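Reviewing the structure listed below.
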Ligand SMILES: Cc1cc2nc3c(=O)[nH]c(=O)nc-3n(C[C@H](O)[C@H](O)[C@H](O)COP(=O)(O)OP(=O)(O)OC[C@H]3O[C@@H](n4cnc5c(N)ncnc54)[C@H](O)[C@@H]3O)c2cc1C
Ligand code: SF4
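Residue numbers (our numbering), protein chains in the order written: chain A, 19 to 440; chain B, 626 to 989.
Written as structure tokens, this is what we have:
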């Protein structure tokens with residue numbers, strides 16, 4: 019049986035691993051247009067800064083493909099025909115499959131502002147973007163990052179560290195309202211400012227300005243002009259599924275591949291996993307979840323279901339939400355559901371602005387905790403997830419919060435200062 | 626971003642550039658001259674530092690102090706890193722450098738209380754022991770055979786390797802710019818497991834042979850080399866070979882000379898017999914690195930900056946708490962992890978006794 023996997027990312031490689039662990043003889047082909055080796059997309063910023071080498075960000079030794087007997091094709095898929103079980107590469111090569119996994123990830127959202135195609139305007143998502151940015155950073159003197167999300171702030175940090183005067187434009191009136199309260203967002207903004215970097219809030223792009231085909235700045239909707247010779251758009255990503263047009267694989271309105279709970283599409287023997295996959299969330303909404311963690315889990319599950327018999331196949335279960343990030347020097351851990359606006363939810367919150375730490379716990383009217391948002395120190399999300407699942411009372415949790423502290427040894431002992439809700 | 630790691634690969638001294646090769650050449654030459662010639666003796670005399678070893682000790686201590694301060698500026702944001710670096714500097718300055726000098730001023734033979742068998746390979750050579758006052762002899766035995774195993778069982782070998790030891794001290798401080806150069810391949814791990822236990826075996830054999838030679842000699846009333854000519858020859862040969870090959874070449878010339886090319890822990894990782902011994906105890910001890918399940922983003926910072934060449938990420942992305950014989954507990958993996966996945970801990974946990982959790986090729 020020939021398994022073909024489109025995508026050498028975390029979803030694709032985990033699927034391949036699962037298939038191989040069940041069947042040492044299966045023919046497994048991995049296609050990628052981006053890189054020869056699986057690398058950690060989350061670590062692009064460290065390569066840019068010279069903190070890690072290209073090989074450092076490859077999670078497995080380079081002999082992985084030989085050792086696991088994966089066939090590797092470096093090329094771009096142009097078309098898939100799920101009826102005939104074939105796909106075509108842009109170089110004309112035709113590949114047949116018995117089972118296909120689409121794990122093609124995301125591509126950056128491209129807004130249609132005037133001037134978006136000027137030289138010096140780009141994104142920071144792929145290996146090619148990294149090479150582009152590295153080249154541009156050599157000569158750039160002033161840069162703008164458009165977009166107030168996680169990729170945006172990572173890009174802001176590395177451009178700043180490269181010695182480029184960089185400004186971030188955030189549309190919202192405080193940083194990252196999707197997961198932060200205003201106090202949390204403001205703490206990050208203040209932290210960014212303390213590095214001498216500017217973060218403009220409530221600022222939207224109207225037009226990208228240029229001269230002789232090269233970018234010279236950005237005009238905002240308020241009419242202000244910001245100068246820059248490098249502009250990076252980080253306003254979000256969308257599923258990279260253009261090649262599935264007319265393939266017989268159903269897509270949602272964002273381009274996400276519609277799958278059932280087994281991660282199978284309606285097309286025969288086509289599965290999907292990772293950023294390109296539109297899954298149903300715990301609250302019933304269907305959309306892709308663009309996280310490293312879910313890409314990994316979906317890859318494992320899709321791989322398992324592809325090799326398993328019909329009756330053995332298992333549902334992909336998202337599990338309680340958790341995530342992590344880092345904003346310049348401030349680490350972030352979350353577990354459960356914050357900012358989901360449940361009926362009657364309240365927040366317990368304390369912060370220490372000198373040490374740039376804060377803790378927020380969201381709980382419902384009956385006292386049961388639903389989510390944790392922690393900034394500036396380290397936390398064991400496993401306990402958060404457990405407490406949320408056990409619907410623990412906020413007071414019970416506050417008495418034990420220190421147990422979830424995961425700071426390095428000899429760190430200052432964590433203390434609950436703010437009183438528990440009555 | 627981690628202060629101090631920025632641009633690691635853009636600095637010519639840290640990225641195996643020509644400059645790094647030149648530096649390595651300079652270090653190798655320095656060590657060869659130091660160990661095998663009297664080249665530095667006149668300089669030492671001029672500086673009133675006694676013999677060449679006085680000069681060497683002074684330089685060594687100076688490097689640990691200066692680069693210890695650099696290290697704290699780079700990685701001292703957390704107390705673990707600050708404390709252990711201060712500790713390393715303290716043990717070098719006081720125990721390895723000052724105290725022996727002071728003792729010599731009082732006509733006691735200089736003794737380094739922070740230097741144990743079998744790293745101190747001559748600790749049990751009878752010819753050394755008989756020159757020492759009784760309390761020191763007792764300390765040599767109790768320290769090496771009881772104190773070291775107990776502390777290692779309780780806290781991992783880190784209590785020594787990254788808090789006390791002078792070899793480790795130089796690696797942690799002056800070697801910090803080279804820590805990412807240690808090889809993470811499974812091939813290098815295989816070599817490590819062979820080489821380090823081979824040297825341990827050699828160290829034990831050498832001590833055993835030298836001690837039996839002494840006993841035989843005592844029994845034979847000094848006629849030992851005449852009565853056992855072969856054994857006496859072998860015994861002297863082994864002793865000489867060990868001090869030349871292990872004591873000088875491996876721990877000195879190669880151990881430090883290859884910093885800029887193979888990282889700062891070449892000696893500690895591949896050859897140190899005390900590290901080998903403590904590593905075995907560590908596997909059964911309380912110290913482990915705890916991994917927060919499913920939180921790793923596989924970025925590779927932990928593995929890249931592990932000076933002992935442990936592919937930490939392999940455990941992190943497999944949700945495996947782990948004990949590795951090599952780990953010196955420097956804590957840098959946890960320190961540089963942008964997701965706070967790792968934590969160094971001492972914990973009673975009988976279920977995992979002796980569980981080395983070693984996966985050579987973690988399954989994807
Ligand atoms: C800068 C940055 C930082 C991030 N940081 C985090 C983080 O801290 N935490 C987190 O949870 N997530 C983070 N993410 C998101 C995370 O990286 C993604 O969710 C994850 O990589 C998705 O994995 P994937 O396997 O679905 O797709 P990808 O990793 O995007 O892999 C897609 C693969 O498909 C191949 N491909 C696509 N189209 C074709 C085609 N037509 N033909 C051939 N091959 C094709 C590509 O070559 C690639 O190999 C970050 C993303 C970026 C860009
Ligand atoms: S444990 Fe931390 S440093 Fe290591 S690969 Fe995972 S996220 Fe990166």
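For glycine and all other residues, C-beta sits at the position ideal for the given N, C-alpha and C. Just so we're clear, the structure is a prediction, and the values are computed from it rather than from any experiment.
In its chain, beyond the 5 residues on either side, 911 and 913 have a beta carbon closer than 8 Å to the beta carbon of residue 974 of chain B. Boundaries of the alpha helix (DSSP H) harbouring residue 786 of chain B: 783–786, taken from the DSSP string.
Fully enclosed beta strand (DSSP E) runs of no fewer than 3 residues occupy 45–50 and 88–92 of the segment 42–98 of chain A, in order along the chain.
In the three-state scheme derived from DSSP, where H, G and I count as helix and E and B as strand, residue 752 of chain B is classed as helix. Counting other Cβ atoms within 10 Å of its Cβ, residue 775 of chain B stays below 16 and is therefore classed as exposed. Using a Cβ-Cβ cut-off of 8 Å, residue 631 of chain B is close to 67, 68, 69 and 179 of chain A, given in chain order. Note on geometry: alpha-carbon atoms of residue 96 of chain A and residue 38 of chain A lie some 26 Å from one another.
Ligand 1 approaches residue 26 of chain A closely enough that one of its heavy atoms is under 7 Å from the residue's Cβ.
Contact between the segment 91–107 of chain A and the segment 205–216 of chain A is absent: fewer than three C-beta pairs spanning the two stretches fall below 8 Å.
Membership of residue 678 of chain B in any beta strand (DSSP E) is not indicated; the residue belongs instead to the alpha helix (DSSP H) covering 677–700. Close to residue 399 of chain A, with beta-carbon spacing below 7 Å, are these residues of chain B in chain order: 917 and 920.
Among the residues of the segment 198–219 of chain A, none has a Cβ less than 9 Å away from any Cβ of chain B. The way I'd put it, the segment 777–797 of chain B doesn't touch the segment 851–869 of chain B; fewer than three beta-carbon pairs between them come closer than 8 Å. In chain order, 878 place their CB closer than 8 Å to the CB of residue 657 of chain B, counting only its own chain and leaving out the 5 sequence neighbours on each side.
At least one heavy atom of ligand 1 lies less than 7 Å from the C-beta of residue 121 of chain A.
Residue 909 of chain B and residue 970 of chain B have their C-alpha atoms spaced approximately 14 Å apart. In terms of Cβ geometry, residue 692 of chain B and residue 798 of chain B form a close pair [threshold 8 Å]. In this structure, residue 22 of chain A sits near residue 118 of chain A, with a CB-CB distance shorter than 8 Å. For residue 284 of chain A, the secondary structure class from DSSP, reduced to helix, strand or coil, is coil. In this structure residue 652 of chain B is buried. Its beta-carbon is surrounded by 16 or more other beta-carbon atoms within 10 angstroms.
Cβ contact annotation for residue 31 of chain A (same chain, cutoff 6 Å, sequence separation greater than five): 56, in chain order. Cβ contact annotation for residue 178 of chain A (same chain, cutoff 8 Å, sequence separation greater than five): 184, 213, 214 and 215, in chain order. Checking the 7 Å criterion, the Cβ of residue 275 of chain A is out of range of every heavy atom belonging to ligand 2.
Taking the Cβ of residue 126 of chain A as the reference point, every heavy atom of ligand 2 lies at 7 Å or farther away.
By the CB criterion at 8 Å, residue 385 of chain A and residue 411 of chain A fall inside the cutoff.
Counting along the chain, residue 152 of chain A sits inside the alpha helix (DSSP H) bounded by residues 145–155. For residue 306 of chain A, the uninterrupted beta strand (DSSP E) run begins and ends at 304–306, by DSSP.
Spanning the alpha carbons of residue 719 of chain B and residue 661 of chain B requires a straight line of approximately 28 Å.
Listed along chain A is no residue with a C-beta nearer than 7 Å to that of residue 673 of chain B; the closest approach is about 40 Å. Assignment of residue 799 of chain B by DSSP, reduced to helix, strand and coil, places it in the coil class.
The CB of residue 60 of chain A comes closer than 8 Å to the CB of 922, 923 and 924 in chain B, given here in chain order.
Annotation for residue 63 of chain A: 172 and 176 place their beta carbon closer than 6 Å to its own, counting only its chain and skipping 5 residues before and after. For residue 908 of chain B, the uninterrupted alpha helix (DSSP H) segment begins and ends at 898–909.
Using a Cβ distance threshold of 8 Å, residue 141 of chain A and residue 251 of chain A count as a contacting pair.
With a cut-off of 7 Å, the C-beta of residue 963 of chain B is classified as near ligand 2, since at least one heavy atom of the ligand falls inside that distance. Taken in chain order, the members of the segment 699–717 of chain B whose beta-carbon sits within less than 7 Å of a beta-carbon on chain A are 703, 704, 705 and 708.
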